[in-house]
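**Q**
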Amino acid sequence: MSFDDKIINPKFYWHFAQSDLFWSQANRLVSGGGQPQFNANALKEVIIPIPPLAAQEEIVRILDAFTELTTELASELSARKKQYNYYRDQLLSFDEGEVEWKTLGETCDVYTGGEAPESSSMSKTPTDIYKYPIFGNGAEVYGYTDRYRIDKDAVTISSIGANTGTIYFRKAHFTPIIRLKVVIPKQEGILPRYLFHALSSIAIGSKSSSVPNMNAADVKRISIPVHSINNQERIVRILDKFDALTNSISEGLPREITLRQKQYEYYRELLLSFPKAEVDPK
């Protein structure tokens, strides 16, 4: 699409095209059928608020500052993830005979998630009664229930579908579902957080060529290096700092990126909401 730059700043249009005002019109103009399409003719029907060029440039300056900050934070997050992976691999790489390796079958109990609780005994949001999270094979919480199956800190391994082999650390008191594998150390010689970092350093995947999946026997065959408790605590202390910075929802860079994105969206909608007398709708 080309613009008359004496009337509209292309960057102003770019920000407008992300806005609720644009998409509320676009959704009304899409063609029907099996795959709704927003074609060039429909695009021409979208009404654009066009303030004076000086106002457009100021809006672009403000909104660009937010998008640039978000981009910088995303780059920082990527760098921190690489840093975490580097230190994790360094701390968990050993010469032959330097440390004992044991299978999860030897060192841990492995459980398989069952069916989801009945809708009458769960909620999509936590309440005073339904306060225990339900986890499936993804990162998100499936819901909350009034009881739990797992009463210890654990590591979960997604065991079916595209996420097969993905590792998560889960705090005690939750219910696993949909064949999710739950791994819990059965002796005090392995720290749950160490287990999480050790498994995160291993490429875990399905051997199936059709639907990716893992059973409990597959999980029990996985081997991890078993350090002394003192060394495990040292490794956990170092890696938890990187993990909190890169992956925590409530702290670190992901939260900062989410907040900056919401800030951008708020100011975008505010700055692009003009009283009709102030703009020339095109």
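Each step along the sequence shown adds one to the number in this note's numbering, with nothing skipped, and position 218 is 390. Virtual Cβ for every residue (Gly too), placed ideally from N, Cα, C. What you are looking at is a predicted structure, and each value in this text was computed from that prediction instead of being measured.
1) Thinking Lys324 and Ile362 are a contact (beta carbons under 8 angstroms), I'd like their distance in whole angstroms, please.
2) Any contact of the region 363–375 with the region 401–412, i.e. 3+ C-beta pairs under 8 angstroms?
3) Using the rule of at least 16 other Cβ atoms within 10 Å of the residue's Cβ for burial, across every protein chain shown, is Ser174 buried or exposed?
4) By alpha-carbon positions, which one of Ala214, Ile222, Ser265 ends up nearest to Trp186?
5) Quick one: any contact between the region 282–300 and the region 340–352, if contact means 3 or more CB pairs under 8 angstroms?
6) Give the straight-line distance between the Cα atoms of Tyr340 and Asn309, rounded to the nearest whole angstrom.
7) What do you get for Glu441, buried or exposed, if any count of 16 or more other CB atoms within 10 angstroms of its CB means buried?
8) According to DSSP, Phe307 sits in a beta bridge with which residue or residues?
9) What three-state label does DSSP hand Leu444 in the structure shown?
10) Going by DSSP in three states, Gly333 sits in which element: helix, strand or coil?
11) From Arg200, Tyr304, Glu312, pick the residue whose C-alpha is nearest to that of Ile322; which is it?
12) Going straight from the alpha carbon of Leu215 to that of Pro426, what length do you get?
13) Helix or strand or just coil, what does DSSP make of Gln207?
14) Does Tyr283 come out as helix, strand or coil in the three-state DSSP assignment?
15) What number of angstroms, rounded off, separates the C-alpha of Lys254 from the C-alpha of Leu264?
16) From the DSSP output, in three-state form, read off Thr275 for me.
17) Assuming Ile219 and Phe188 are in contact, meaning their beta carbons sit under 8 angstroms apart, how far apart are those beta carbons, in whole angstroms?
18) Based on Cα-Cα distance, which residue from Gln359, Ala311, Ile332 lies nearest to Arg342?
19) Ordered along the chain, which non-local residues of its own chain (more than five positions away) have a Cβ less than 7 angstroms from that of Thr275?
20) What residue ranges within the region 360–412 form continuous alpha helix (DSSP H) runs of no fewer than 4 residues, ordered along the chain?
21) Three-state secondary structure (DSSP) at Thr297?
22) Can you tell me where the beta strand (DSSP E) holding Tyr185 begins and where it ends?
**A** On the basis of the supplied data:
1) That pair is no contact at about 12 angstroms.
2) yes
3) exposed
4) Ile222
5) yes
6) 10 angstroms
7) exposed
8) Per DSSP, Val313, Pro348.
9) coil
10) coil
11) Tyr304
12) 34 angstroms
13) In this prediction, Gln207 scores a pLDDT of 49, lower than 50, which makes its location untrustworthy; the coordinate-derived value is nonetheless stated afterwards. Reduced to three states, the DSSP call for Gln207 is coil.
14) Note: Tyr283 maps to strand in three-state DSSP.
15) 15 angstroms
16) strand
17) The pair is not a contact, with the Cβ atoms about 10 angstroms apart (cut-off 8 angstroms).
18) Ala311
19) Lys392, Arg393, Ile394, Ser395
20) 364–372, 388–392
21) Coil, per DSSP.
22) Per DSSP, Tyr185 belongs to no beta strand (DSSP E); it is in the alpha helix (DSSP H), 182–188.
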